[in-house]
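Student: Pasting a structure below so you can have a look.
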Amino acid sequence: MDTNTQKRRDNKKSLRVKVISLGNAEVGKSCIIKRYCEKRFVSKYLATIGIDYGVTKVQVRDREMKINIFDMAGHPFFYEVRNEFYKDSQGVILVYDVGLKESFDALDSWLGEMKQEMGSHSNMETIVFVVCANKVDLTKRRVVDESEGRLWAESRGFHYFETSAQSGEGISEMFQAFFSSIADMCENGGRRPVVGPSASFTREQVDTIRRIRSSKDSWDMLGVKPGATREEVNKAYRKLAVLLHPDKCVAPGSEDAFKAVVNARTSLLKSIKFLVSLKTD
Ligand code: GTP
Ligand code: MG
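For the sequence shown, the residue numbers in the working numbering are 4 to 284.
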């Protein structure tokens, strides 16, 4: 084979993709990229001003990929610079700091900003997302646990990885899965591959787990009015047990949610029994 034919073949295989990083300021977006591309960690905070751009080459199976990385500034101040760069991305790295709940809660608004900037005709299904629960090395200050982050990510069909730019934990695994999914997507005509167990649990299970986690008391958890009867409590319990029983539900956090529901039912039945005994005395 002459060198030109060889070159043409190689070019055919080479993929050029654009990825962006999103997340609040200071969550570690630039450090994650630096850890992967330069194998080092900088502990001093150097805020990204607008956008940082870099390019790296990777090999995924028999394909060479040229990855154009647009590392966005998380600070609201840079919105006007960032908004130009959302379009035509094949991959998004969404980062939060496991020690800062607000950075996790902000993931929805990052998706919102992206959708808004890409326009109504845009299709988020043709983009691979990976969520990085970053700074897992700082175990003592952790406030967002794995099941909560995984649930958020996998219920949307996104990858989820626990990472530390400081120690390197999870970084290469995350990038490998990310790039390999992008390559799969390009080979499948732009359809995002199914991620993890997302297909095996339902939106209703996910929403119920989230509602249980944020419920203010046992009545609220079972979804009954304070003062409900024994029958009403049992009926509500049965409905939740069918939905969340660990034999049937594999959504992250379902086991804890199921236990919480069992405990709530037990304590409500006790208090109902007590109130009935007061009335009959
Ligand atoms: P903006 O560019 O302002 O949006 O911030 P960023 O998300 O790019 O954050 P950056 O990567 O600059 O990191 C912010 C700070 O967190 C720096 O002081 C980093 O050293 C620190 N940091 C980043 N990742 C980690 C990590 O995994 N563990 C620890 N302990 N610190 C980290
Ligand atoms: Mg940065």
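Beta carbons are placed, not taken as given, at the ideal position from N, Cα and C, and that holds for glycine.
Small disclaimer: the values here were computed from a predicted structure and weren't measured.
1. Specify, as a first and last residue, the run of the beta strand (DSSP E) that phenylalanine 164 falls within.
2. With respect to 7 Å, is the separation between the Cβ of alanine 109 and the closest non-hydrogen atom of the ligand MG below this value?
3. Mark aspartate 178 as exposed unless 16 or more other C-beta atoms lie within 10 angstroms of its C-beta, in which case mark it buried.
4. Around the Cβ of valine 45, are there at least 16 other Cβ atoms within 10 angstroms (buried) or fewer (exposed)?
5. Determine, using beta-carbon pairs with one atom in the segment 49–67 and one in the segment 80–92, whether at least three such pairs fall under 8 Å.
6. How many Å lie between alanine 244 and serine 183 at the Cα?
7. What number of angstroms, rounded off, separates the C-alpha of serine 201 from the C-alpha of aspartate 220?
8. Have a look at valine 58 and methionine 224 and give me their C-alpha separation to the nearest angstrom.
9. Could you have a look at arginine 66 and say whether DSSP puts it in helix, strand or coil?
10. Is the Cβ-Cβ distance between proline 255 and glutamate 157 less than 8 Å?
11. From the DSSP output, in three-state form, read off phenylalanine 132 for me.
12. Within 7 Å: the Cβ of threonine 166 and any heavy atom of the ligand MG?
13. Would you check whether the ligand GTP has a heavy atom nearer than 7 Å to the C-beta of serine 218?
14. State the CB to CB distance for the pair valine 98 and glycine 160, rounded to an integer number of angstroms; the pair is presumed to be in contact (CB under 8 Å).
15. Looking at the unbroken alpha helix (DSSP H) that takes in leucine 97, where does it start and where does it end?
16. Would you list the residues sitting across from phenylalanine 73 in a DSSP beta bridge?
Tutor: In short, the structure shows the following:
1. From DSSP, the beta strand (DSSP E) with phenylalanine 164 extends over 162–165.
2. With a threshold of 7 Å, the Cβ atom of alanine 109 does not count as near the ligand MG, since no heavy atom of the ligand is closer than that.
3. Looking at the sequence itself, residue 178 is phenylalanine, so the reference to aspartate does not match. It counts as buried.
4. exposed
5. yes
6. 38 Å
7. Note that serine 201 scores a pLDDT of 48, beneath 50, so its modelled location is shaky; the value from the coordinates is reported in the next line. Rounded to whole angstroms, serine 201 to aspartate 220 spans 29 Å at the Cα level.
8. 49 Å
9. strand
10. yes
11. strand
12. no
13. no
14. That belief does not hold up - the Cβ atoms of valine 98 and glycine 160 are roughly 18 Å apart, past 8 Å.
15. No alpha helix (DSSP H) holds leucine 97; the beta strand (DSSP E) holding it covers 94–100.
16. In the DSSP output, where bridge partners are listed per residue, phenylalanine 73 has Ile23, Tyr56.
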